[in-house]
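Residue numbers (my numbering): 1244 to 1462.
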Amino acid sequence: MAHYPVFLDLRVRPCVVVGGGHLAEEKARGLIAAGAVVTVIAPGLTAGLTALADEGRLLHRPRGYRPGDLEGVFLAISTDQTAETAEAIWQEALRRNILINTVDDVPRCDFIAPSVVRRGDLSIAISTGGKAPVLAVRLRQWLESQLGEEYGRFLALAGSVRKDLARRQPDFATRKELWYRLIDSDVLDLLRRGDEVAAAGRFRDILGVVPTVEEGEAA
């Protein structure tokens, strides 16, 4: 089955995780990191989920799933449930047009959570369509070994000049060519070595604009 790859903006969106185990904790942490308003429904929680609830970072309903729990929810994740409960959650999600992921149960999913590599604002999502998630994990681990924090720093610098460059170079094709010249230069090598002053010089020389170098991060 082909899936449509997409990155969701979950800021202030109500999301529910059903289950209180380690898988539920992993999913809840990911939702919280994305800015979602998270409710966890489970009789008991891991120590990590308990800490998140105590800190006010999620709402805990200390019981099992009940019909109606998905009312007003944007996205739901079901973990560690019996087949009967998983089916009930799935059916409610379908009736309410709610995005749902039932962990390790592809037929009861309308989205699959990929394995993700993050370097600042760079996100690379890897999915095997639910066929072999461990392959996605291994690919993520390999990419993490190849891509350092210089990619995140490059994007931070690029973001600081984007509007200025558009004003100076209104022609899209010209800007595109300049960006390729910059990326194909040694700018990433300079950032890998921690020389942000020299990297900023590459932006200036190639793009004609000077990025913002955060205090304390320049070599």
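Note that beta-carbon positions come from the ideal geometry of N, C-alpha and C, so glycine has one too.
Keep in mind it's a predicted model, so treat the numbers as computed, not measured.
Kindly give me the distance between the Cβ atoms of residue i and residue j, rounded to whole angstroms, as I take these residues to be in contact under 8 Å.
i: E1351; j: T1345; result: Note that residue 1351 corresponds to Arg in the displayed sequence, not to Glu. Indeed, because the Cβ distance is near 4 Å, the residues count as touching under 8 Å.
i: G1402; j: T1322; result: The pair is not a contact, with the Cβ atoms about 35 Å apart (cut-off 8 Å).
i: V1261; j: Q1324; result: 6 Å
i: A1285; j: A1267; result: 7 Å
i: R1256; j: L1295; result: With 8 Å as the limit, R1256 and L1295 do not qualify as a contact, their Cβ atoms being about 17 Å apart.
i: G1287; j: R1254; result: Going by Cβ atoms, the distance from G1287 to R1254 rounds to 29 Å, so no, they are not a contact pair.
i: L1450; j: A1441; result: At roughly 15 Å, the Cβ-Cβ gap does not stay under 8 Å, so L1450 and A1441 are not in contact.
i: V1316; j: V1259; result: 5 Å
i: L1425; j: R1410; result: The pair is not a contact, with the Cβ atoms about 17 Å apart (cut-off 8 Å).
Mind checking residue i: buried by the 16 CB within 10 Å criterion, or exposed?
i: R1396; result: buried
i: T1282; result: buried
i: S1358; result: buried
i: Y1423; result: exposed
i: V1452; result: buried
i: R1436; result: exposed
i: E1420; result: exposed
i: I1341; result: buried
Determine the direct distance from the alpha carbon of residue j to that of residue i, and round the result to whole angstroms.
i: E1460; j: E1387; result: Note that E1460 scores a pLDDT of 45, beneath 50, so its modelled location is shaky and nothing firm can be said.
i: L1302; j: E1314; result: 15 Å
i: A1356; j: G1311; result: 24 Å
i: V1430; j: P1248; result: 30 Å
i: P1454; j: R1447; result: 8 Å
i: S1400; j: S1428; result: Note on residue identity: the sequence assigns Leu, not Ser, to residue 1400. So the two alpha carbons sit approximately 15 Å from each other.
i: T1371; j: L1251; result: 19 Å
Just to confirm the assignment, what range does the beta strand (DSSP E) spanning residue i have?
i: E1366; result: Residue identity check: residue 1366 is Ser in the sequence provided, not Glu. First-last of the beta strand (DSSP E) with S1366: 1365–1369.
i: L1400; result: Segment 1393–1411 is the alpha helix (DSSP H) holding L1400; no beta strand (DSSP E) there.
i: T1345; result: 1342–1345
i: H1246; result: No beta strand (DSSP E) contains H1246, which DSSP labels as neither H nor E.
When DSSP builds the beta bridges, which residues end up paired with residue i?
i: R1233; result: With the chain covering 1244 to 1462 only, the question about residue 1233 has no answer from this structure.
i: V1259; result: T1282, A1319
i: R1304; result: I1284
So the alpha helix (DSSP H) residue i belongs to, where does it begin and stop?
i: P1376; result: 1376–1389
i: A1441; result: 1439–1450
i: R1418; result: 1415–1426
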